[in-house]
Structures are given as structure tokens and as C-alpha cells.
Amino acid sequence: MEAKKSVVGVLFDEETVCLDCLNVGEHINLMRGFLDTISLQDIKGKDYLCSRCQKNLPIGPAKSILITGRTGPDPRSHKGGQ
Ligand SMILES: [Zn+2]
Numbered sequence: 015m016e017a018k019k020s021v022v023g024v025l026f027d028e029e030t031v032c033l034d035c036l037n038v039g040e041h042i043n044l045m046r047g048f049l050d051t052i053s054l055q056d057i058k059g060k061d062y063l064c065s066r067c068q069k070n071l072p073i074g075p076a077k078s079i080l081i082t083g084r085t086g087p088d089p090r091s092h093k094g095g096q
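Residues in the sequence shown are numbered from 15 upward in steps of one, following the working numbering.
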């Protein structure tokens, strides 16, 4: 199932993190649909503060992300590896 979302941030446990503050690995997880996302609709009428840069969401334009959902675990957690 595919769904397009206007994502402005991500939820990590107690933390709210804007897209700007995500590192590369977190971005990959986001695209894979592994993270709890905050959409434009979610922040309507509420205050969401990024835990890392302390700015109010949304920061910049929302990102349209196609969440393809979980396709099963990837057995290759590392490229190559020794
Ligand atoms: Zn931030």
C-alpha cells in the first residue's frame, strides 16, 4: 500500500525532530516508513518544537514522502561487511 504524506518531522520516543535535523541514516529509515512521522495535518493547532534545533515546526516546506510501508526486514544490514 502506498500513501503520500506531507511530512514535516519525525517522532522518536519523546523527541520531535524536524527534517533538517535528521541524519542520513534517519532519513533512510524515514523513506522506508520505519519512523513515526508528523504530517502537516498533525501539527494543525498544536505546538511542535524540534528537540534538536528548538524551532517550531514546520521548518521550511513540508516534504512529500511516498511511504511504501514495511516490505519486510532487509537481511543485509550492512553493505559488504567483514
Ligand atoms: Zn530541528
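Ideal Cβ positions, reconstructed from N, Cα and C, are used throughout, including at glycine.
- The criterion of a C-beta distance shorter than 9 Å is satisfied by Ser-65 and Val-31.
- Counting along the chain, Gly-23 sits inside no alpha helix (DSSP H); it lies in the beta strand (DSSP E) bounded by residues 17–26.
- Boundaries of the alpha helix (DSSP H) harbouring Ile-42: 38–45, taken from the DSSP string.
- Inter-residue distance for Tyr-62 and Leu-71 is about 6 Å (C-alpha atoms, whole angstroms).
- As computed with DSSP, Lys-69 is found in no beta bridge at all.
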